[in-house]
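Numbering (my numbering), first residue to last: 60 to 286. Some notes on the structure that comes next.
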């Protein structure tokens with residue numbers, strides 16, 4: 060019977076067994092990607108596809124975050140594969156968000172940073188996200204306020220504060236991404252943050268921080284003493 064099976068059949072069983080034995084953290088990106096591809100590509104050697112995806116996009120996280128149209132430029136990737144990859148991406152975001160929602164944001168700052176990077180660091184367009192907090196600094200809501208182009212997102216301070224008032228939020232954490240990968244704040248980022256702080260302060264709303272994320276890491280305007 061084994062003579063009739065394709066060469067990758069045993070590889071799939073061995074890789075699944077190794078995943079169950081040592082866990083995903085012990086596997087390189089291409090093998091974890093293979094495991095995801097097994098489900099949607101049942102009758103083909105997926106190692107070359109996994110390696111081509113990583114060659115094109117960089118890391119496992121960047122493959123998951125890539126747009127469907129760009130993913131389908133890779134030979135062997137169709138709609139069913141894209142759907143499976145996007146399910147994994149959504150699951151990762153939901154898991155990271157769950158860690159943030161469990162406890163006060165300021166006492167679980169590393170979880171907040173992990174969530175922000177998971178949600179936004181590898182996007183190809185700028186996105187401005189708001190974390191609305193109550194008096195205990197617990198998360199009330201997490202909303203994308205604006206999406207923009209590859210290097211600009213229009214943000215209107217009064218709209219930000221208006222939404223905070225609607226949700227009865229006492230504090231905010233501002234988050235946006237730099238698709239270039241470099242999270243260094245721009246002059247426009249600093250100016251916009253200070254404008255939001257000025258509008259929010261008289262209404263009793265605190266802006267705890269503005270976090271910028273990118274492939275190369277993150278920057279905190281508060282940590283950099285820019286606010």
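Glycine residues also receive a C-beta, built at the ideal position from the N, C-alpha and C atoms.
Run of the alpha helix (DSSP H) containing residue i, from where it starts to where it stops
| i | result |
| --- | --- |
| residue 108 | 106-116 |
| residue 247 | 246-259 |
| residue 88 | 88-99 |
| residue 123 | 119-124 |
| residue 127 | 127-130 |
Outcome for residue i when other beta-carbon atoms lying within 10 angstroms are tallied against a minimum of 16
| i | result |
| --- | --- |
| residue 142 | exposed |
| residue 270 | buried |
| residue 85 | exposed |
| residue 263 | exposed |
| residue 79 | exposed |
| residue 244 | buried |
| residue 248 | buried |
| residue 134 | exposed |
| residue 123 | buried |
| residue 81 | exposed |
| residue 176 | buried |
| residue 283 | exposed |
| residue 239 | exposed |
| residue 132 | exposed |
| residue 259 | buried |
Reference residue i, options the options, closest by Cα
| i | options | result |
| --- | --- | --- |
| residue 275 | 121, 261, 88, 108 | 121 |
| residue 136 | 117, 101, 214 | 101 |
| residue 105 | 124, 69, 266 | 69 |
| residue 250 | 225, 282, 214, 224 | 214 |
| residue 272 | 182, 153, 74 | 182 |
| residue 87 | 118, 76, 72, 224 | 118 |
| residue 285 | 103, 97, 252 | 252 |
| residue 220 | 266, 74, 154 | 266 |
| residue 277 | 174, 256, 229, 115 | 174 |
| residue 168 | 81, 190, 114 | 190 |
| residue 163 | 196, 90, 95 | 196 |
| residue 241 | 257, 180, 97 | 180 |
| residue 256 | 225, 218, 239, 236 | 218 |
| residue 194 | 237, 206, 228, 83 | 228 |
| residue 198 | 216, 230, 224 | 230 |
Local conformation of residue i per DSSP, three classes
| i | result |
| --- | --- |
| residue 80 | helix |
| residue 167 | coil |
| residue 279 | strand |
| residue 180 | coil |
| residue 185 | coil |
| residue 60 | Unreliable positioning characterises residue 60 in this predicted model, as indicated by a pLDDT of 43, which lies under 50. The coordinate reading is nonetheless provided below. In this structure, residue 60 counts as coil in the three-state DSSP scheme. |
| residue 227 | coil |
| residue 190 | strand |
| residue 286 | coil |
| residue 215 | coil |
| residue 239 | coil |
| residue 51 | No information on residue 51 is available, as it lies outside the stretch 60 to 286 that the chain covers here. |
| residue 73 | helix |
| residue 102 | coil |
| residue 195 | coil |
Unbroken beta strand (DSSP E) run spanning residue i, endpoints
| i | result |
| --- | --- |
| residue 266 | 265-273 |
| residue 232 | 230-236 |
| residue 200 | 198-206 |
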